[in-house]
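Numbering (the working numbering), first residue to last: 333 to 460. Cβ coordinates follow ideal geometry from the N, Cα and C atoms, glycine included.
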Amino acid sequence: DIGSKRDPLHFLVIHGSITLSEPPEVSLPAIQTWFSTEQGLVEGIVWHCSDGKLFKIHRHHLNLPWPLKDVTPVLTRKKVEILLDNFDSESKDDVNPVFLKLKKHSNRTCDSVVDLAQLLEKDENKNE
């Protein structure tokens, strides 16, 4: 696992970087149904409107579960780029230990979150 309740790790996904080939109709039943489709295996979605407004809805707004169990969420299958060049681990006492592990692999791209977890696991096994 990457991160924990005590030391969580969040991934930045730039809004608009993942487009939907079949966006849901804007109605409560359609959105609830969409979240059970292959593309809907995400925590939430953001609508980018032509007037520049953004609307975001998370699964929890609809009383839908997150994290998902027994299925693989969409983002865990995307490439993960590790960029921690500007991360200063020397100046902070309360640094998330996961960042210290990731710093060793800055400027590297993994094929998925699963591959990233395996990379960090290999590091831990080397240190044992």
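State buried or exposed for residue i, treating a residue as buried only when at least 16 other CB atoms are found within 10 Å of its CB.
| i | result |
| --- | --- |
| residue 399 | exposed |
| residue 434 | buried |
| residue 378 | exposed |
| residue 448 | buried |
| residue 343 | exposed |
| residue 363 | buried |
| residue 403 | exposed |
Which one of the options has the shortest CA to CA distance from residue i?
| i | options | result |
| --- | --- | --- |
| residue 431 | 376, 375, 415 and 388 | 415 |
| residue 352 | 369, 344, 420 and 401 | 369 |
| residue 374 | 381, 385 and 391 | 391 |
| residue 348 | 362, 419 and 388 | 388 |
| residue 380 | 444, 417, 459 and 350 | 350 |
| residue 355 | 361, 346, 372 and 345 | 372 |
| residue 440 | 412, 338, 405 and 341 | 412 |
Under the DSSP definition of a beta bridge, which residues are partnered with residue i?
| i | result |
| --- | --- |
| residue 385 | Residue 385 is not bridged to any residue. |
| residue 376 | 390 |
Complete alpha helix (DSSP H) runs within the region 390-445 (minimum length 4 residues, chain order): Runs of the alpha helix (DSSP H) inside the region 390-445: 429-435.
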